[in-house]
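Asks: Quick one: the structure is below, and I'll ask about it shortly.
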Amino acid sequence: MKRSVRFTGRLVVILLIFAVLFSYAMFQGGFVSWFLFYSFLPFLLYMTGLTFYSMDNWEVNRYFSKRVAAAGETIHVDVVIRRKFLFPMYYCVIEELFPESLMKRDNHVEKYRNMDNPAGLTQSRQIKKVAFPWFKRTIRYQYEMEELPRGEHHLRALRVKTGDFFGFITKEATYELDNRLVVFPHKRPVKLKESAQSFEQGVSPSFKLNEKNTNVVSGVREYVPGDRFAWIDWKTTAKSNQMMTKEFEQEKSVDMLVILNAVNEPDMNPLSFEGAVEFSASLLDEMHSRSSQLAFMTLGDEKRYFPFQNDYTQRDLIQEHLAKIRPNGKIPFVEQLERELAQNRAGMLLLIVSHHLDAQMVVTLSRLAQKSKRLVFFYVKPQSQIDFQVHKWFKQLKNNGILVNTISEGELTQLEFEVNT
74 MKRSVRFTGR LVVILLIFAV LFSYAMFQGG FVSWFLFYSF LPFLLYMTGL
124 TFYSMDNWEV NRYFSKRVAA AGETIHVDVV IRRKFLFPMY YCVIEELFPE
174 SLMKRDNHVE KYRNMDNPAG LTQSRQIKKV AFPWFKRTIR YQYEMEELPR
224 GEHHLRALRV KTGDFFGFIT KEATYELDNR LVVFPHKRPV KLKESAQSFE
274 QGVSPSFKLN EKNTNVVSGV REYVPGDRFA WIDWKTTAKS NQMMTKEFEQ
324 EKSVDMLVIL NAVNEPDMNP LSFEGAVEFS ASLLDEMHSR SSQLAFMTLG
374 DEKRYFPFQN DYTQRDLIQE HLAKIRPNGK IPFVEQLERE LAQNRAGMLL
424 LIVSHHLDAQ MVVTLSRLAQ KSKRLVFFYV KPQSQIDFQV HKWFKQLKNN
474 GILVNTISEG ELTQLEFEVN T
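Okay, so the sequence shown: first residue is 74 according to the working numbering, each after it adds one.
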């Protein structure tokens with residue numbers, strides 16, 4: 074119905090212009106008036122042809138330079154339009170219809186310099202590109218999307234506009250194109266200070282589970298390619314007349330579980346949650362390089378659990394989940410943590426990343442610490458919101474054997490995280 078009204082309106086405009094010019098020539102007479110009429114006649118014919126020209130059979134495609142990116146990166150976009158029927162087009166404008174998820178920007182660590190003003194990252198993205206194709210069958214456009222925010226983004230539509238020389242007749246068409254772009258959280262190195270180690274006789278948890286400790290020798294064996302030169306046992310080699318290397322006692326395997334608070338708390342700062350996601354992604358990368366016994370869990374609208382599995386497929390699943398995750402859920406984080414407390418195996422090393430802390434959560438964490446081998450709590454919050462009450466909760470957690478790390482502007486704006494474990 075709307076298309077029919079527009080088509081009728083264009084015809085009325087053309088007929089009205091024709092009638093005005095023809096009437097002027099008839100009543101005025103003379104060379105000048107008829108010259109104007111005949112001079113404008115080709116434009117009227119072009120406007121008539123443009124009115125009947127259909128844009129429905131255009132083939133429109135959008136191509137990304139890459140479909141997977143990291144937060145803050147820039148990608149190049151190519152838009153290709155192919156026309157089957159050649160008709161002279163004076164101009165052609167494309168307009169991207171960006172989703173709401175792209176209406177913000179991510180400038181890496183710089184976004185954390187003013188955590189009290191998360192609205193400052195809102196950005197109204199608008200892309201309009203013009204070309205003058207005339208008789209070209211293929212029309213190409215190129216543009217860039219800068220400072221991409223974390224998330225899964227679907228660019229579903231593209232609007233194309235064209236018209237005549239004077240702007241009397243304009244046409245537009247919207248093409249449904251579903252291009253998916255996944256933007257992973259920005260990751261940084263994580264420096265773990267005072268990492269403890271655990272051997273067969275030890276009781277302290279270990280972060281270097283796959284390394285050998287050169288101070289604890291359990292025996293000797295025949296040398297194999299890849300062994301370090303420093304591991305060679307020269308005394309045994311001389312006795313046996315063949316290369317022998319020291320065999321070291323493996324560090325004890327420790328099950329580690331990282332839990333991310335993904336509940337939309339009433340007092341939540343969006344940048345605090347973003348920092349929690351980035352830190353979790355960075356921490357998981359660091360832990361995966363140190364241990365094979367690492368699991369990951371997010372508690373929010375629904376529980377997502379990634380079990381102990383050290384392979385690249387599992388890591389990709391975790392990274393994709395962290396790219397898509399949004400704070401949601403009506404059940405408080407502390408209640409969900411209570412349920413996990415009942416199922417938690419004793420002797421597990423727990424690392425909890427949260428953008429929220431309250432009195433009830435302090436009690437739950439203290440109870441959880443009694444069942445765990447060790448509990449490390451990472452609190453992501455702007456420095457201005459860490460008041461006297463929060464420091465009292467910190468003291469209470471530390472008194473219950475919980476190691477507390479505060480991650481604020483000072484830590485989030487650095488090129489690497491440095492935390493106590």
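Glycine included, every Cβ here is placed at the ideal spot set by N, Cα and C.
According to the neighbour-count rule (16 or more other Cβ atoms, all chains shown, within 10 Å of its Cβ), is VAL93 buried or exposed?
Replies: Classification for VAL93: exposed.
Asks: Counting pairs of beta carbons, one from the region 250 to 263 and one from the region 358 to 369, are three or more of them closer than 8 Å?
Replies: The region 250 to 263 is in contact with the region 358 to 369.
Asks: Please classify GLY275 as buried or exposed, where buried requires at least 16 other C-beta atoms within 10 Å of its C-beta.
Replies: Caution is warranted here: a pLDDT of 40 is assigned to GLY275, below 50, making its placement in the model unreliable, and the coordinate value is therefore given only provisionally. By the 10 Å Cβ count, GLY275 comes out exposed.
Asks: Could you please give me the residues that DSSP links to HIS227 through a beta bridge?
Replies: HIS227 is bridged to ARG253.
Asks: If we count Cβ pairs, one from each stretch, closer than 8 Å, do we get three or more for the region 160 to 174 versus the region 206 to 225?
Replies: Yes: at least three Cβ pairs fall under 8 Å.
Asks: Does the region 216 to 226 come into contact with the region 144 to 153, if we say contact requires no fewer than three beta-carbon pairs (one atom in each stretch) closer than 8 Å?
Replies: A contact exists between the region 216 to 226 and the region 144 to 153.
Asks: Are the CB atoms of VAL152 and VAL203 within a distance shorter than 7 Å?
Replies: No; because the gap between Cβ atoms is not below 7 Å, this pair is not in contact.
Asks: Please look up how many angstroms separate the CB atoms of VAL256 and ALA142, rounded, as I've assumed it's under 8 Å.
Replies: The Cβ separation is near 5 Å, so the contact holds.
Asks: Who are the near neighbours of PHE110 in its chain, counting only those whose CB is closer than 8 Å to its CB and skipping five residues on each side?
Replies: Same-chain partners within the cutoff: LEU94, PHE95, TYR97 and ALA98.
Asks: Could you check where the alpha helix (DSSP H) with ASP65 kicks off and where it finishes?
Replies: Because the chain in this structure spans residues 74 to 494, residue 65 falls outside the shown range and cannot be described.
Asks: Residues in the same chain with beta-carbon distance under 7 Å from ARG186, minus the five sequence neighbours each way, listed in chain order, please.
Replies: Result list for ARG186: GLU482 and THR486, in chain order.
Asks: Is VAL453 closer than 7 Å to ALA349 when the C-beta atoms are compared?
Replies: Contact flag set, yes.
Asks: Quick one: is LEU372 buried, meaning 16 or more other Cβ sit within 10 Å of its Cβ, or exposed?
Replies: That one is buried.
Asks: Among the residues of its own chain, which have a CB less than 6 Å from the CB of LYS397, if the five just before and after it don't count?
Replies: Excluding residues within five positions, the ones whose Cβ falls inside 6 Å are GLU225.
Asks: Closer than 6 Å by C-beta to ASN401: which residues in its own chain qualify, once you throw out the five before and the five after it? Chain order, please.
Replies: If we look at ASN401 and ignore the five residues flanking it on each side, its Cβ neighbours are ASN337, GLY373 and ASP374.
Asks: Considering only the alpha carbon of each residue, which of VAL105, THR235, LEU231 and TRP107 lies closest to THR498?
Replies: With the chain covering only 74 through 494, there is no way to say anything about residue 498.
Asks: Between which two residues does the alpha helix (DSSP H) harbouring ALA368 extend?
Replies: Element bounds for ALA368: not the alpha helix (DSSP H) but the beta strand (DSSP E), 367 to 372.
Asks: With DSSP as the reference, label LEU424 as helix, strand or coil.
Replies: Strand, per DSSP.
Asks: Given a cut-off of 7 Å on the beta-carbon distance, is the pair LEU423 and LEU330 in contact?
Replies: Contact flag set, yes.
Asks: Determine the contact status of GLU132 and ARG155, defining contact as a CB-CB distance below 7 Å.
Replies: For GLU132 and ARG155, yes; Cβs fall inside 7 Å.
Asks: Tell me the rounded alpha-carbon separation between LEU88 and ARG198.
Replies: Each residue's alpha carbon lies about 39 Å from the other.
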